[in-house]
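Reading the sequence shown from the start, the letters are residues 668 to 888 in the working numbering.
Backbone N, C-alpha and C define an ideal beta-carbon position, used for all residues, glycine too.
Working notes for the structure below.
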Amino acid sequence: MPRFKTQLSEVVTDHIRNMILSGQLVPGTSIRLDDTARSLGVSVTPVREALLSLQGEGWVSLMPRRGYKVNELNEEDISDLYSLAQFLSTEICRRAAPNLTAADIAALRGFTSGLEVAMAVGDIDRVVDNEFQFHRLINIRSKRHKLVWFREKVASYAPVDVFAHSSRWGEASVSSHRKLIDAMACSDLGGIEEANRKQFEASTEVLVAHLKAVGALVGPA
Numbered sequence: 668m669p670r671f672k673t674q675l676s677e678v679v680t681d682h683i684r685n686m687i688l689s690g691q692l693v694p695g696t697s698i699r700l701d702d703t704a705r706s707l708g709v710s711v712t713p714v715r716e717a718l719l720s721l722q723g724e725g726w727v728s729l730m731p732r733r734g735y736k737v738n739e740l741n742e743e744d745i746s747d748l749y750s751l752a753q754f755l756s757t758e759i760c761r762r763a764a765p766n767l768t769a770a771d772i773a774a775l776r777g778f779t780s781g782l783e784v785a786m787a788v789g790d791i792d793r794v795v796d797n798e799f800q801f802h803r804l805i806n807i808r809s810k811r812h813k814l815v816w817f818r819e820k821v822a823s824y825a826p827v828d829v830f831a832h833s834s835r836w837g838e839a840s841v842s843s844h845r846k847l848i849d850a851m852a853c854s855d856l857g858g859i860e861e862a863n864r865k866q867f868e869a870s871t872e873v874l875v876a877h878l879k880a881v882g883a884l885v886g887p888a
């Protein structure tokens, strides 16, 4: 899960994208610069920059004299995003595995236990923090900065609130994390791939089910 942006426009971009991907802004919803800036407590400039970025990503379209409109979202869009995230995460984990120390393995187990406890008590901040720390350590040990950069970009498409409130996602994450740690500890490349596959399959299922429930998916492409 992504954390800490340095540019205000990036914060606004992530916020609006998260609202789209969490179903708070359904397809066809109008997004006006002034209204959005007012609701976020920022000037119009970072909102304009954010909407231009989101237009480039295909999430919104500019409608003459009516502002921006949220584009249609379908199940294949979600599947494509998380297939890419799975590939990048698997590659990062494979490269990190030989560099993990015994202390690193212990730390990863600690973050996973922390995630499990946080999910059980509904402490969203701790859920986010343990996920961040888990992946941050793996990212550092991978020593593959460009792969990590791309993975973090894809991670910005994860609606944190949806996942953090899902017991299905929590159970799948804890289980896949533990399998992933075991696989990385012995550089089991097949096990690393399988653990990541399970994780991202669960994430895709959870998000698709949520978006269908709130009427934000329009069906197959």
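### Message
Does Gln829 pass the burial test, meaning 16 or more other C-beta atoms within 10 Å, or should it be called exposed?
### Response
As a working note, residue 829 is residue 162 in the sequence shown. A small fix is needed here, since residue 829 is Val in this sequence, not Gln. When all chains shown are included, Val829 counts as buried.
### Query
Could you check where the beta strand (DSSP E) with Lys736 kicks off and where it finishes?
Taking the first residue of the sequence shown as 1, we reach residue 736 at position 69. Unbroken beta strand (DSSP E) run through Lys736: 734-737.
### Message
Less than 6 Å between C-beta atoms, sequence neighbours within five positions excluded: which residues of the same chain meet that for Ala852?
### Response
Residue mapping note: residue 852 aligns to position 185 of the sequence shown, counting from 1. Ile772, listed in sequence order.
### Query
With a cut-off of 8 Å, do at least 3 Cβ pairs link the region 679-695 to the region 732-743?
With the cut-off at 8 Å, the region 679-695 and the region 732-743 touch.
### Query
If you run the structure through DSSP and keep just helix, strand and coil, what is Val678?
Numbered from its first residue, the sequence shown carries residue 678 at position 11. Helix, per DSSP.
### Task
Flag this pair as yes or no: are the beta carbons of Ser840 and Leu751 separated by less than 8 Å?
Indexing the sequence shown from 1 puts residue 840 at position 173. Indexing the sequence shown from 1 puts residue 751 at position 84. No, they are not a contact pair.
### Task
Could you pull the start and end residues of the beta strand (DSSP E) that Val727 belongs to?
Walking along the sequence shown from the start, residue 727 turns up at place 60. That run of the beta strand (DSSP E) goes 727-730.
### Task
Pull up the DSSP beta-bridge partners for Ile698, would you.
Residue mapping note: residue 698 aligns to position 31 of the sequence shown, counting from 1. Its beta-bridge partners are Tyr735.
### Task
Could you check the C-alpha separation between Ile698 and Arg733 for me, to the nearest Å?
Stepping through the sequence shown from its first residue, residue 698 is reached at position 31. Stepping through the sequence shown from its first residue, residue 733 is reached at position 66. Spanning the two alpha carbons is a distance of roughly 9 Å.
### Query
Of all the options Ala831, Ser756, Pro765, which has the alpha carbon lying nearest to the alpha carbon of Lys865?
Counting from one through the sequence shown, the residue named residue 865 turns up at place 198. The residue from Ala831, Ser756, Pro765 with its alpha-carbon nearest to that of Lys865 is Ser756.
### Task
Using beta-carbon positions only, say whether Ala785 and Val794 come within less than 8 Å of one another.
One-based indexing of the sequence shown puts residue 785 at position 118. One-based indexing of the sequence shown puts residue 794 at position 127. Yes, these two residues count as a Cβ contact at 8 Å.
### Query
Taking the continuous alpha helix (DSSP H) assigned at Gly690, which residues delimit it?
As a position in the sequence shown, residue 690 is number 23, starting the count at 1. Element bounds for Gly690: n/a, residue is neither H nor E.
### Query
If you count every other CB in all the chains shown that lies within 10 Å of the CB of Asp747, and 16 or more means buried, which is it?
In the sequence shown, the residue the question calls residue 747 occupies position 80. Around the CB of Asp747, fewer than 16 other CB atoms lie within 10 Å, so the residue is classed as exposed.
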